[in-house]
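In my numbering, the protein residues as written are 2 to 231.
Each residue gets a CB set at the ideal place from its N, CA and C atoms; glycine is no exception.
All figures in this text were calculated on a predicted structure; none of them were measured in a lab.
Right, dumping it as structure tokens:
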């Protein structure tokens, strides 16, 4: 008799993972707006799934902070962040960003960064500069996410990266809006370049300060400007 292949994951778990990824994409793309109540019947039909896997997916998204449960019997809705909550997310991201940049600079000073790391990061900054000049906001934002992921890889600290990613998911739509204007894209990218200069010099204190300021000062200011408050 032929040897059986390794057991596949349970179908329900696979469907739940598919549903979670699909709903997350609908939320992060803005197709389902903050505050929208999620109709399980319509959403399950749209995704071609039963309501069981969808409910499991929504519970996972609730843990991620993307959806929130309403009063008993009213189902779930896409979470709408209040300004005070968003400001707190910027505060916490700033601390993590500073830690990540300082760690990269320390690794640079010890010659512990993988070869080509700094060159890759600078190439991403150059690509973002071209997108900012052409007004390509979606391209800039996607490249910006990739740049920060590359910073996390360079820092080599999985827990910090995981915490940062969870905060990013909650603030995703607001950050997209804050980087939709060419001037704000250029400001953000100038800060990226300054952070990399500090990393190249192996200057951990300056890298930390610039990393924190990029989020707590520059990022928060751009967010407020996008709301017409700055």
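As the crow flies, the alpha-carbon of residue 222 is around 22 Å from that of residue 164. Per the C-alpha coordinates, the member of 185, 80, 229 positioned closest to residue 25 is 80. Counting only unbroken stretches of 4 or more residues, the alpha helix (DSSP H) elements lying wholly within the segment 42-74 are 52-64, in sequence order. In this structure, DSSP gives residue 78 an extended state, which the three-state scheme calls strand.
Residues of the same chain with a CB within less than 6 Å of the CB of residue 205, apart from the 5 flanking positions on each side, are 103, 106, 107 in chain order.
A distance below 7 Å between beta-carbons, with the five flanking residues on each side excluded, links residue 118 to the following residues of its chain, in chain order: 155. Within the same chain, 190 come within 6 Å of residue 130 by CB-CB distance, once the 5 residues on both sides are set aside. In the structure shown, residue 154 adopts helical secondary structure according to DSSP, grouped into three states.
Note on residue 133: 16 or more other CB atoms within 10 angstroms of its CB, so buried under the neighbour-count rule.
Spatial neighbours of residue 142 in its own chain (CB-CB distance under 6 Å, excluding positions within 5 residues in sequence) are listed in chain order as 177, 180.
Bridge partners of residue 19 according to DSSP: none are assigned.
Just measuring C-alpha positions, the residue of 62, 122, 37 sitting nearest residue 23 is 62. Cβ-Cβ separation between residue 95 and residue 213: approximately 5 Å, consistent with a contact (criterion under 8 Å). If you draw a straight line from the Cα of residue 32 to the Cα of residue 67, it comes to about 14 Å. Of the candidates 87, 201, 138, the residue whose Cα lies closest to the Cα of residue 217 is 87.
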